[in-house]
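Presented below is the structure to which this report refers.
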Amino acid sequence: MKTKAISLISGGLDSVVSTKLIMDQGIEVIGLHFTSVFQNKMKSQRGLMAKKSAEELGIKLIIIEKGMDYIDLIMNPSHGYGKNMNPCIDCRIYMLKKAKEVMLEEGAEFLITGEVLGQRPMSQRKDAINLIEKKSGLKGLILRPLSAKLFPPTIPEQKGQIDRSKLLDIAGRSREVQFAMVQNYNLKEFSLPGGGCLLTDPIFSKKFKDLIKYQSNITMTDIELLTIGRHFRVDEKTKIIVGRDKGENEKLLLLKEGFTSVTPFNFPGPSALIKGDINQWVIKLTANIIGHYSKIKEEKITISIDDVEILECPLKADIFEYLEQIKI
Ligand code: SF4
Numbered sequence: 004m005k006t007k008a009i010s011l012i013s014g015g016l017d018s019v020v021s022t023k024l025i026m027d028q029g030i031e032v033i034g035l036h037f038t039s040v041f042q043n044k045m046k047s048q049r050g051l052m053a054k055k056s057a058e059e060l061g062i063k064l065i066i067i068e069k070g071m072d073y074i075d076l077i078m079n080p081s082h083g084y085g086k087n088m089n090p091c092i093d094c095r096i097y098m099l100k101k102a103k104e105v106m107l108e109e110g111a112e113f114l115i116t117g118e119v120l121g122q123r124p125m126s127q128r129k130d131a132i133n134l135i136e137k138k139s140g141l142k143g144l145i146l147r148p149l150s151a152k153l154f155p156p157t158i159p160e161q162k163g164q165i166d167r168s169k170l171l172d173i174a175g176r177s178r179e180v181q182f183a184m185v186q187n188y189n190l191k192e193f194s195l196p197g198g199g200c201l202l203t204d205p206i207f208s209k210k211f212k213d214l215i216k217y218q219s220n221i222t223m224t225d226i227e228l229l230t231i232g233r234h235f236r237v238d239e240k241t242k243i244i245v246g247r248d249k250g251e252n253e254k255l256l257l258l259k260e261g262f263t264s265v266t267p268f269n270f271p272g273p274s275a276l277i278k279g280d281i282n283q284w285v286i287k288l289t290a291n292i293i294g295h296y297s298k299i300k301e302e303k304i305t306i307s308i309d310d311v312e313i314l315e316c317p318l319k320a321d322i323f324e325y326l327e328q329i330k331i
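At position 234 of the sequence shown the residue is numbered 237 (this note's numbering), and the sequence of numbers has no breaks.
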């Protein structure tokens, strides 16, 4: 029977070539991909590249969605945040612990990752890699084919299941070797490095910080909404979200459960959602934000509240400065 391993497939260059390198040693590889609300992609697009990569490699792919347990973890990470709200060390420990469960369920003997020593400042330094490996309870069981020769031999290497001489010693941010490898393997289904995680994005991080500062009981919808529209913090309890285009207006209304929706009644303009204390002042402010971004020249507009109440609201001419102050 072939030795089995679980490979963490992001769909990126490094994970694809690492997997192929180990498949070429006669190991049966099962791919494991994590999706999350923090991916810089629409829900329907998440996991697509990993699926294509796995298909091209000819391996089975298991997909796990990072759930509320992940949200709890990133609200209070034991090892802190990176430059933005990215808790990379805790995030890696979380994923590897889940991967260990899959490894045991699938009867696999070790894990494969596309990690490259020194490629990422927070989670791919040697001390961080060692810490992550220890905390995830996988000491000696994580094979990093691209940097393996820069680490002590793993258990599968010691057991002779993996030929160490065929592993690599890449370090740093250059992807020159990996690009040569995909060409050599004739692999086409992989994404280019960088830019996938919203927690590393400063604008998203600002909105996320605001959310966890003012709101307990955060839901997946609250996080999904951070990727849509302009956000305004009115007070500790109240936030207004306004769509920036037709697509965002539609998405906002699809996610309106638990919010008060405010939409233009008889003119084209953005839709808005309000969370928190709903009173006349907040409704009128929302109407003014809608009026401001619809660039309407009237002195008053008519809005619909939750599709049931119609209200006429006067528009203030000088709202821009105030909006700049409350914009998150
Ligand atoms: S960049 Fe995002 S997904 Fe990657 S380890 Fe950091 S927090 Fe996790």
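Every residue gets a Cβ at the ideal spot worked out from N, C-alpha and C, and that includes glycine.
- Annotated three-state conformation of Val-311 is coil, per DSSP.
- Counting only residues of its own chain and dropping the five nearest sequence neighbours on each side, Asp-280 has a CB closer than 8 Å to the CB of Asp-238, Lys-240 and Thr-241.
- DSSP places Glu-68 in the strand class (E or B) of the three-state scheme.
- The alpha carbon of Lys-169 has as its nearest neighbour, out of Leu-16, Ser-139, Gly-29 and Leu-195, the alpha carbon of Gly-29.
- The alpha carbon of Leu-202 has as its nearest neighbour, out of Ser-18, Ser-39, Leu-16 and Leu-276, the alpha carbon of Ser-39.
- Residues Lys-5 and Lys-7 of the same chain have their beta carbon placed closer than 6 Å to that of Glu-31, with the five preceding and five following residues left out of the count.
- Judged by the Cβ position, Asn-89 qualifies as a neighbour of the ligand SF4 at the 7 Å threshold, a heavy atom of the ligand being closer than this.
- The Cβ neighbour count for Leu-214, taken over all protein chains shown within 10 Å, is at least 16; the residue is labelled buried.
- An exposed status is given to Lys-63, since fewer than 16 other beta-carbon atoms sit within 10 Å of its beta-carbon.
- Assignment of Gln-218 by DSSP, reduced to helix, strand and coil, places it in the coil class.
- Considered as a whole, the segment 265-321 harbours 275-278, 303-308 and 312-317 as its complete beta strand (DSSP E) runs of no fewer than 3 residues, in chain order.
- DSSP places Ser-21 in the helix class (H, G or I) of the three-state scheme.
- In the DSSP annotation of this structure, Glu-192 is not part of any beta strand (DSSP E), being labelled neither H nor E.
- Sorting Ala-183, Tyr-84 and Asn-220 by C-alpha distance to the C-alpha of Asp-75 places Asn-220 at the top.
- DSSP places Ser-39 outside both helix and strand once states are collapsed to three, so it counts as coil.
- Separation of the CB atoms of Ile-306 and Phe-235 is rounded to 16 Å, and the pair is thereby denied contact status at 8 Å.
- Assignment of Gly-250 by DSSP, reduced to helix, strand and coil, places it in the helix class.
- Contact between the segment 9-17 and the segment 109-121 is present: 3 or more CB-CB pairs across the two stretches fall below 8 Å.
- At least one heavy atom of the ligand SF4 lies closer than 7 Å to the C-beta of Arg-95.
- About 6 Å separates the beta carbon of Ile-243 from that of Ile-292, a gap short enough to meet the 8 Å contact definition.
- In this structure, the straight-line span from the alpha carbon of Glu-68 to that of Gly-261 is close to 23 Å.
- Phe-270 is classed as exposed because its beta carbon has fewer than 16 other beta carbons within 10 Å across all chains shown.
- In the same chain as Lys-138, and ignoring 5 residues on each side of it, the C-beta atoms closer than 8 Å to its own belong to Ile-96, in chain order.
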